[in-house]
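Going by numbering that gives the first Met the number 0, the sequence shown opens with residue 0, and the numbers climb by one from there. Even for Gly, the Cβ is constructed at its ideal location relative to N, Cα and C.
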Amino acid sequence: MIRLRSLRGRLLTAFVLVAVPPLLVLAVAVSTLLARSFEASSRERLASALQSALDEVARKRSEAREKLQRIVDQDLPGLTLPVEEQDQGIAKGLAERRDLPALEIVDAAGRVVSSRHWAAGFGLPDRDQTFPGDPELRIEKVGEDYGLSTRLAVMASREASWRGRPVTVRGGSFLDAEFLARLGGLAGVEVALRDQRQGQWIAPDRSPLGHWADPVLTGYGRTASYGPPAISLDGAPYRWAAAPLNEYLALVVALPAGSLEVLATPVRRLGFGITT
């Protein structure tokens, strides 16, 4: 009886020594393959989302130029308003006709003649911020209720004449939180803009990217770059990618990295469970 039990013990030990190592190797191999597959999928998804966002910004630029050219060539010359005070409503009417969220007319002295997005600026100096080397990206003053805010906009610019005087006409669309939220919703990722000059984010209100302090965007200012395996945003891991819009402004997309653990954890548990 003792010999039989001893034989069974030896057989069990031999089985464990033979069977368990391959199972452990298999569990590790499957987990590694899942990790590699997820990394490749994440990178592909980030690259696709980043390119789509860049394409949309480029489309906004092109659209602004085309619509503004029509305003200068076709709409503005035909306006005949006899009362000077009516200049305040010119920009609103022209912008609505061409479906431009932002439009302003500035005289040769740099004063606002008419503005759709900052109607209260009539007669005041236009001192919107610009990005060196990229005058089409501007931080525009925007009237909101009884207050004033600033929003990033892509604004084409054309020289024109109004009432026999030279003016500059600018028009375009806002690259604001609403715009970024729409892009993120379409791609299923977080999308934000990082103003490196001001050290601040332009992001949807609930975006975790807005809480990323002092990001180091590898390769910033040259080509698209991809971050380390994961960064922690609001206590959750994210993967990210970034590309420059100009020397001081980067477009950033981020994707939750927790899905890898969701996939890999059951595999690990199964492998280790069988061996215990």
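Using alpha carbons as the reference points, say which of 108, 209, 131 and 150 lies closest to residue 173.
150
Would the stretch 51 to 59 and the stretch 171 to 185 be scored as touching if the rule is three or more Cβ pairs under 8 Å?
yes
Assuming residue 63 and residue 171 form a contact by the criterion Cβ under 8 Å, report the distance between their Cβ atoms to the nearest whole angstrom.
The pair is a contact, with the Cβ atoms about 4 Å apart (cut-off 8 Å).
Using 8 Å for Cβ pairs, my map puts residue 242 next to residue 253. What's the rounded Cβ distance?
Not really, about 13 Å apart at Cβ, beyond 8 Å.
Assign residue 61 to one of two classes, buried (16 or more other C-beta atoms within 10 Å of its C-beta) or exposed (fewer than that).
The C-beta of residue 61 has fewer than 16 other C-beta atoms within 10 Å across all chains shown, which makes the residue exposed.
Between residue 164 and residue 105, is the Cβ-Cβ spacing less than 9 Å?
no
If you draw a straight line from the C-alpha of residue 202 to the C-alpha of residue 181, how long is it?
11 Å
By how many angstroms is the C-alpha of residue 230 removed from the C-alpha of residue 261?
Confidence at residue 261 is low in this model, with a pLDDT of 43, below 50, so its placement is unreliable and no value can be given for it.
Spell out the partners DSSP gives residue 168 in its beta bridges.
104 and 157
Label residue 123 either buried or exposed according to how many other C-beta atoms from any shown protein chain fall within 10 Å of its C-beta, with 16 as the threshold for buried.
exposed
Three-state secondary structure (DSSP) at residue 128?
Of the three classes helix, strand and coil, the one that applies to residue 128 here is strand, per DSSP.
The beta strand (DSSP E) spanning residue 135 covers which residue range?
Run containing residue 135: 133 to 143, per the beta strand (DSSP E) assignment.
Who are residue 199's beta bridge partners in DSSP?
194
Between 98, 96 and 103, which has its C-alpha nearest residue 87's C-alpha?
103
Using a Cβ-Cβ cut-off of 6 Å (strictly less than) and excluding sequence neighbours within five positions of residue 119, which residues of its own chain qualify?
Leaving aside the five residues that flank residue 119 on each side, the residues in its chain whose CB is nearer than 6 Å to its CB run, in chain order, 142.
On a CA-only basis, which of 167, 144 and 73 is nearest residue 108? Give me that one, please.
167
Straight-line CA distance for residue 76 to residue 157?
14 Å
Report the option in 131, 111, 116 and 74 whose CA atom is closest to the CA atom of residue 96.
Nearest in C-alpha terms to residue 96, of all of 131, 111, 116 and 74, is 74.
By the three-class DSSP mapping on this structure, what secondary structure does residue 214 have?
Coil, per DSSP.
When the Cα atoms are used, what is the spatial distance from residue 90 to residue 115?
5 Å
Can you tell me the Cα-Cα spacing of residue 71 and residue 57, whole angstroms?
21 Å
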